[in-house]
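Numbering (our numbering), first residue to last: 2 to 395. Let me begin by presenting the structure, written as structure tokens, before commenting on it.
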């Protein structure tokens with residue numbers, strides 16, 4: 002039985018579930034970062050898991066510090082060498098790596114090339130594009146340096162990997178411009194696992210505990226950086242400050258959430274709740290406690306990836322507001338299948354208007370939620386999706 006290693010730095014639920022599915026055919030080890038603060042999937046091996054599936058974390062001595070560029074860079078380099086040690090010990094025939102800081106990715110890529118291990122670059126997020134654009138907001142010179150350095154790493158790995166997986170149609174032409182051969186490009190759209198986000202009544206243990214069962218609840222869940230428009234949630238809380246039936250809830254521990262905590266106190270936003278990440282076992286109930294789930298990605302980084310939270314949101318059968326560039330893959334899905342209201346992330350007034358519409362139109366909310374769940378049930382079939390990976394793993 003072929004031995005493969007799947008590494009997802011973020012620990013996303015759908016990639017862990019893919020590893021569990023592939024373990025029906027291969028001996029699979031799944032690795033993820035144990036030093037990241039992002040929400041993660043079912044990272045414990047349970048009784049129903051096959052013997053051919055193993056999961057383990059790669060841990061640093063401290064949590065990744067995303068507030069310090071220099072410290073984070075050294076931490077990510079260290080992570081790369083720790084990951085390399087795990088790969089050496091496991092000695093797989095194929096390594097597939099996703100969401101990995103580029104320095105760490107380059108380290109394990111070079112090792113795999115040296116050892117003639119097939120390396121699959123799962124390009125979830127175009128890091129060069131995202132990082133350089135965010136840093137450019139503070140320093141154009143530093144943004145240019147990052148673009149040049151990260152660009153070299155990312156393009157080299159993409160060109161020389163056994164396969165490079167992309168998740169958005171628009172990335173095909175980008176990879177070709179990098180010199181990646183057609184035969185090396187695999188387009189596999191992202192998905193969410195239906196079982197992880199079941200359809201549950203709004204009145205449940207979690208909503209009762211947090212007293213959202215009888216409120217109209219706007220909710221954001223997951224990582225919130227400054228690229229995710231945290232200021233929109235201040236505007237939203239202000240808009241409904243005098244409406245006791247409306248709650249604005251952000252479930253996150255990231256930079257944007259920390260900024261919101263300060264704004265809540267400073268501006269006395271009593272209807273804005275910022276909660277820490279919840280246990281993965283509660284995520285289904287948590288999302289079911291909402292009436293409208295919100296996803297925001299700023300225009301200058303929207304070409305880098307499809308937001309995975311939007312795919313998870315569609316599983317939960319709730320109204321969705323998607324504030325993103327209108328040619329992003331998520332926006333195209335939302336408009337084609339009528340699964341969410343789409344608005345411009347540069348226009349707070351347009352966002353707030355969508356919030357008003359979805360609050361006051363229960364029929365529209367129901368239509369969006371039914372369409373979203375139908376799309377998820379039709380598209381997110383893990384058995385079918387896994388065949389796209391099996392095709393090139395062989």
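Glycine included, each C-beta is placed from N, C-alpha and C at the ideal position.
Figure out for me which residue from 139, 130, 101 and 97 has the closest Cα to the Cα of residue 120. 97
Examine the Cβ distances between the segment 281-294 and the segment 307-325 and report whether three or more of them are shorter than 8 Å. yes
Which residue wins for smallest C-alpha separation from residue 145, given the options 67, 112, 129 and 326? 129
Please classify residue 266: is it buried, with 16 or more other beta-carbons within 10 angstroms of its beta-carbon, or exposed? exposed
Under three-state DSSP, which class holds residue 329? coil
Contact between the segment 244-259 and the segment 210-219 is defined here as three or more beta-carbon pairs at a separation below 8 Å; is this criterion met? yes
Is it right to say residue 271 is buried, meaning 16 or more other beta carbons lie within 10 angstroms of its own, or is it exposed? Taking all protein chains shown into account, residue 271 has fewer than 16 neighbouring C-beta atoms within 10 Å of its C-beta and is therefore exposed.
Cβ of residue 241 versus every heavy atom of the ligand SAM: is any distance shorter than 7 Å? The model on display carries no ligand, and the ligand SAM is accordingly not part of it.
Just to confirm, are residue 326 and residue 300 a CB contact at a threshold of 8 Å? Contact flag set, yes.
For residue 309 and residue 113, I'd like the C-alpha separation in whole angstroms. Distance between the alpha carbons of residue 309 and residue 113: 28 Å.
For residue 222, the three-state DSSP class (helix, strand or coil): strand
Along the chain, where does the alpha helix (DSSP H) containing residue 8 start, and where does it finish? Segment 4-9 is the beta strand (DSSP E) holding residue 8; no alpha helix (DSSP H) there.
Nearest by alpha-carbon distance to residue 1: which of 379, 109 and 393 is it? No information on residue 1 is available, as it lies outside the stretch 2 to 395 that the chain covers here.
For a test of the three-state rule: what should DSSP assign to residue 372, helix, strand or coil? helix
What is the C-beta distance between residue 1 and residue 355, in whole angstroms, given that I count them as a contact (C-beta under 8 Å)? Given a span of 2 to 395 for the chain in the structure shown, any question on residue 1 remains unanswerable.
Given a cut-off of 8 Å, decide if residue 10 and residue 101 are closer than it, judged by their beta-carbon atoms. Yes; because the gap between Cβ atoms is below 8 Å, this pair is in contact.
Evaluate the contact criterion for the segment 44-51 versus the segment 66-80: three or more CB pairs, one atom per stretch, below 8 Å. no
Using the rule of at least 16 other Cβ atoms within 10 Å of the residue's Cβ for burial, across every protein chain shown, is residue 287 buried or exposed? buried
Tell me which residues share the same chain as residue 340 and place their Cβ nearer than 8 Å to its Cβ, disregarding the 5 neighbours each side in the sequence. 315, 321, 334, 369, 372, 373 and 376
Just to confirm the assignment: which complete beta strand (DSSP E) runs, minimum length 3, are found wholly within the segment 82-131? 95-99 and 119-124
Segments of 4+ residues assigned as alpha helix (DSSP H) that fall wholly inside the segment 251-335: 256-268, 284-289 and 309-316
Just to confirm the assignment: which complete beta strand (DSSP E) runs, minimum length 3, are found wholly within the segment 166-230? Counting whole runs of 3 or more residues, the segment 166-230 contains the beta strand (DSSP E) stretches 186-188 and 217-222.
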